[in-house]
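Peer 1: Protein chains in written order, with this note's numbering: chain A, 26 to 490; chain B, 59 to 159.
Ideal Cβ positions, reconstructed from N, Cα and C, are used throughout, including at glycine.
Because the structure is a prediction, the values reported are computed rather than measured.
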Amino acid sequence: MDKSYSAVMSRKTEIMKKAVGIDYNTFEKEGIDFDYEAMMREAGYSLEEIKKIQGETGVGNTPIYELKNLTNLARKMAPEGKGARIFLKDEASNPSGSFKARRAATAVYHAKKLGYKGVIAATSGNYGAAVASQAAMLGLKCIIVQECYDSNGKGQPEIVEKARKCEAYGAEVVQLTVGPELFYSFLNLLEETGYFNASLYTPFGIAGVETLGSELVEQIVEKTGKQPDVVVCTNAGGGNLTGTARGMRKVGAEKVKVVAASVNLKGLHMASDTDFNKKSFTTGHTGFGIPFTTNPDRSDVPRSAARPLRYMDRYVTITQGEVFYMTESLAQLEGLERGPAGNTSLAAAFSIAQEMDQDKIIVVQETEYTGAGKHIQPQLSFARDNGIDLHFGNPRDEVPGKSIILPEHPKMIKAIDLDMDKIRQSYVKNMVKKNSDSKDFTDEELNYIAVETNLTVEEVKGRLK
Amino acid sequence: MLAKKGDWVMVYNIVLEPKDRAPQIPEDTKKVPLEMWIKGFLLEDAKVGEMANIETIVGRKVSGKLIEIHPNHKHNYGNHVPEILQIGKTLKELLFCGEDK
Chain A
26 MDKSYSAVMS RKTEIMKKAV GIDYNTFEKE GIDFDYEAMM REAGYSLEEI
76 KKIQGETGVG NTPIYELKNL TNLARKMAPE GKGARIFLKD EASNPSGSFK
126 ARRAATAVYH AKKLGYKGVI AATSGNYGAA VASQAAMLGL KCIIVQECYD
176 SNGKGQPEIV EKARKCEAYG AEVVQLTVGP ELFYSFLNLL EETGYFNASL
226 YTPFGIAGVE TLGSELVEQI VEKTGKQPDV VVCTNAGGGN LTGTARGMRK
276 VGAEKVKVVA ASVNLKGLHM ASDTDFNKKS FTTGHTGFGI PFTTNPDRSD
326 VPRSAARPLR YMDRYVTITQ GEVFYMTESL AQLEGLERGP AGNTSLAAAF
376 SIAQEMDQDK IIVVQETEYT GAGKHIQPQL SFARDNGIDL HFGNPRDEVP
426 GKSIILPEHP KMIKAIDLDM DKIRQSYVKN MVKKNSDSKD FTDEELNYIA
476 VETNLTVEEV KGRLK
Chain B
59 MLAKKGDWVM VYNIVLEPKD RAPQIPEDTK KVPLEMWIKG FLLEDAKVGE
109 MANIETIVGR KVSGKLIEIH PNHKHNYGNH VPEILQIGKT LKELLFCGED
159 K
């Protein structure tokens with residue numbers, strides 16, 4: 026068989042169809058439209074089924090903590106009467122150390138049910154460890170494909186640690202240098218092994234996160250007697266936010282405001298060899314967050330089950346320095362030592378809490394494990410070694426790739442709002458592009474765009490003028 | 059250096075030469091090849107720097123340039139970053155100021 030780049034890429038659709046066991050055409054409708062809910066219903070699992078699947082491998086039911094010292098600190102910075110109660114869902118307590126265990130549990134269960142001998146995932150993040158851990162539990166083989174090194178062979182500490190963790194669970198780890206052609210190696214492996222593509226973006230993967238949303242609502246109600254007011258989700262590919270929001274709705278928490286938070290990596294190109302090791306965050310940043318929000322169908326499956334713009338009330342960014350600072354704060358003031366990337370939403374929540382009344386509740390819905398490489402100390406040491414200027418100052422002066430500014434005072438931590446209107450506009454623009462640059466949509470397509478962007482049909486029409 | 063059959067080793071391959079890289083990638087990335095590293099058990103004795111065949115932990119057969127015998131993980135907690143210690147100090151003073159005096 027021809028294994029050249031162009032030949033393998035041209036076989037993409039058939040390789041994928043075999044490797045995920047979903048015929049996405051079933052859900053396609055006219056033009057850009059497709060039936061998202063039918064896909065989630067028919068290809069996914071119900072909340073009850075997922076609870077059972079995850080329960081069998083010890084996934085979920087993670088503790089929720091009230092961060093009393095951080096709440097008090099926020100109140101000291103906030104105007105009189107402001108400073109919501111901050112809660113944290115400790116997803117690091119999952120078997121593989123992050124919420125990704127939820128996604129992997131359903132994906133690997135599904136692979137086993139369909140009779141696949143192994144699973145493959147293309148990920149440099151916690152999801153790799155999660156898939157490897159689940160595969161170990163269910164007795165499947167596992168290969169993880171990582172973008173790990175720059176052209177000097179220098180590995181990002183966080184990713185190198187993830188490779189170690191995957192190997193610890195018995196997975197084969199294929200490590201590559203920077204570039205989107207990782208997808209080519211990934212397709213090659215799928216074709217060679219016949220394993221299941223444990224994509225982050227399948228209906229079962231996203232449905233796996235729904236329990237995170239339902240659990241957190243139930244826990245907050247149990248602890249405080251009411252539902253949370255705001256839930257902050259770290260946003261990259263959108264699955265975390267989508268799954269959590271869907272899960273919350275399924276237990277009747279429809280009024281909770283869902284806030285997306287990403288680390289601001291403006292100006293750093295995701296596929297650049299030289300920018301690669303200038304980033305201190307390999308996920309949860311704007312480089313993934315914005316493209317996936319404004320055009321979800323760019324993943325490794327034809328239709329992504331992660332569609333964050335449907336559920337997002339607000340989107341904020343936070344700087345690298347602010348996240349590192351909050352990571353250290355969580356250890357020092359709350360006695361919880363966790364990985365930096367998982368604290369993106371915590372940094373945002375610390376700021377947003379100060380806008381809210383003291384009787385309100387804000388929930389940070391994840392944490393992740395920490396260890397060598399994946400910790401504030403090695404990440405900052407690595408940044409300094411790479412010539413990044415690290416110092417205390419005003420976070421607003423941070424330039425991604427050039428400086429990391431630790432806030433001189435915690436009052437300087439500020440979640441910066443992205444313009445939701447612009448984000449929606451950008452989504453609409455992407456749909457026009459998809460529609461062969463035509464603004465001529467059928468009523469069904471207009472309806473679809475409206476649901477996707479959380480706008481009315483009239484508002485969508487207004488944006489097409 | 060000679061590696062023995064059965065040794066845990068790392069092999070290296072170039073997946074795409076610069077000229078074969080995808081058109082949409084940035085210029086700096088286009089100048090360098092797409093490289094790949096895989097670990098496994100050596101299937102027959104081989105010298106470092108030469109082509110070798112391995113079987114990975116999941117049983118896949120791969121060939122590539124032998125570059126490391128008994129590869130280990132070298133990542134750690136990095137060098138001391140003095141600024142980190144200041145964060146907790148500042149926060150505790152702010153939060154509990156006066157209480158322990």
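For my contact list, residue 170(A) and residue 145(A) are in at a C-beta cut-off of 8 angstroms; report their separation, rounded to the angstrom.
Peer 2: Yes, residue 170(A) and residue 145(A) are in contact; Cβ-Cβ is about 7 angstroms, under 8 angstroms.
Peer 1: Compute the distance between the beta-carbons of residue 278(A) and residue 257(A), then report whether it is under 7 angstroms.
Peer 2: Not a contact, by the Cβ cut-off of 7 angstroms.
Peer 1: Which chain A residues are close to residue 109(B), counting only those with a beta carbon under 7 angstroms from its beta carbon?
Peer 2: Within 7 angstroms Cβ-Cβ: nothing; residue 109(B) doesn't reach chain A, min ~18 angstroms.
Peer 1: Identify the continuous alpha helix (DSSP H) that holds residue 152(A) and give its terminal residues.
Peer 2: Segment 151-163, the alpha helix (DSSP H) holding residue 152(A).
Peer 1: In chain order, what residues of the same chain have a beta carbon less than 6 angstroms from the beta carbon of residue 320(A), not counting five sequence neighbours either side?
Peer 2: Here the set comprises 455.
Peer 1: Please state the DSSP three-state secondary structure of residue 304(A).
Peer 2: Correct three-state label for residue 304(A): coil.
Peer 1: Any Cβ of chain B within less than 7 angstroms of the Cβ of residue 268(A)?
Peer 2: It does not: the Cβ of residue 268(A) has no partner Cβ on chain B nearer than 7 angstroms.
Peer 1: Quick one: measure Cβ to Cβ for residue 78(B) and residue 30(A), integer angstroms, because I've assumed they're closer than 8 angstroms.
Peer 2: Contact flag correct, Cβ pair sits at about 6 angstroms.
Peer 1: Taking Cβ positions only, does residue 106(B) come closer than 7 angstroms to chain A?
Peer 2: Closer than 7 angstroms: no.
Peer 1: Apart from the five residues on each side of it in sequence, which residues of its chain come closer than 7 angstroms, Cβ to Cβ, to residue 59(A)?
Peer 2: Taken in chain order, the residues that qualify are 52, 53 and 328.
Peer 1: Is it right to say residue 60(B) is buried, meaning 16 or more other beta carbons lie within 10 angstroms of its own, or is it exposed?
Peer 2: Flag for residue 60(B) reads exposed.
Peer 1: Closest Cβ-Cβ distance between residue 296(A) and chain B: below 7 angstroms?
Peer 2: Residue 296(A) counts as touching chain B.
Peer 1: Mind pulling the chain A residues with CB within less than 8 angstroms of residue 90(B)?
Peer 2: Result: 176, 202 and 298.
Peer 1: Strictly under 7 angstroms for the Cβ-Cβ distance: is residue 84(B) near chain A by that measure?
Peer 2: It does; some Cβ of chain A falls within 7 angstroms.
Peer 1: Could you give the DSSP three-state label for residue 61(A): helix, strand or coil?
Peer 2: Three-state DSSP puts residue 61(A) in a helix.
Peer 1: Ignore the nearest five residues each way along the sequence and tell me which others in residue 108(A)'s own chain have a CB closer than 7 angstroms to its CB.
Peer 2: For residue 108(A), where only same-chain residues beyond five positions count, the Cβ hits under 7 angstroms are 96, 99, 100, 378, 379 and 383.
Peer 1: In whole angstroms, what is the alpha-carbon distance linking residue 131(A) and residue 213(A)?
Peer 2: Taking the straight line joining both Cα atoms gives about 24 angstroms.
Peer 1: Quick check: is the beta carbon of residue 159(B) nearer than 7 angstroms to any beta carbon in chain A?
Peer 2: Unreliable placement is indicated for residue 159(B), whose pLDDT of 40 sits below 50; the coordinate value is still reported in the next sentence. No, residue 159(B) lies away from the interface with chain A (no Cβ there is under 7 angstroms from its Cβ).
Peer 1: Can you tell me the Cα-Cα spacing of residue 468(A) and residue 446(A), whole angstroms?
Peer 2: Roughly 22 angstroms between the two C-alpha positions.
Peer 1: Residues of the segment 460-484 of chain A with a CB closer than 9 angstroms to any CB of chain B: list them in chain order, please.
Peer 2: The residues in question: there are none.
Peer 1: Given a limit of 8 angstroms on CB to CB distance, which residues of the segment 110-123 of chain B reach chain A?
Peer 2: Within the segment 110-123 of chain B, the qualifying residues are 114, 115, 116, 117 and 118.
Peer 1: At the level of alpha carbons, what is the spacing between residue 159(B) and residue 150(B)?
Peer 2: Because the pLDDT of residue 159(B) is 40, which lies under 50, any placement of that residue in the model is unreliable, and the question is left without a value.
Peer 1: Select from 427(A), 129(A), 478(A) and 139(A) the residue whose C-alpha is nearest the C-alpha of residue 292(A).
Peer 2: Residue 427(A) is the option with its Cα nearest to residue 292(A).
Peer 1: Please report the straight-line C-alpha distance between residue 347(A) and residue 374(A), rounded to a whole angstrom.
Peer 2: Their backbone Cα atoms lie some 12 angstroms apart in a straight line.
Peer 1: With DSSP as the reference, identify every bridge partner of residue 342(A), one or two as the case may be.
Peer 2: Answer by DSSP bridge pairing, in chain order: 287(A) and 441(A).
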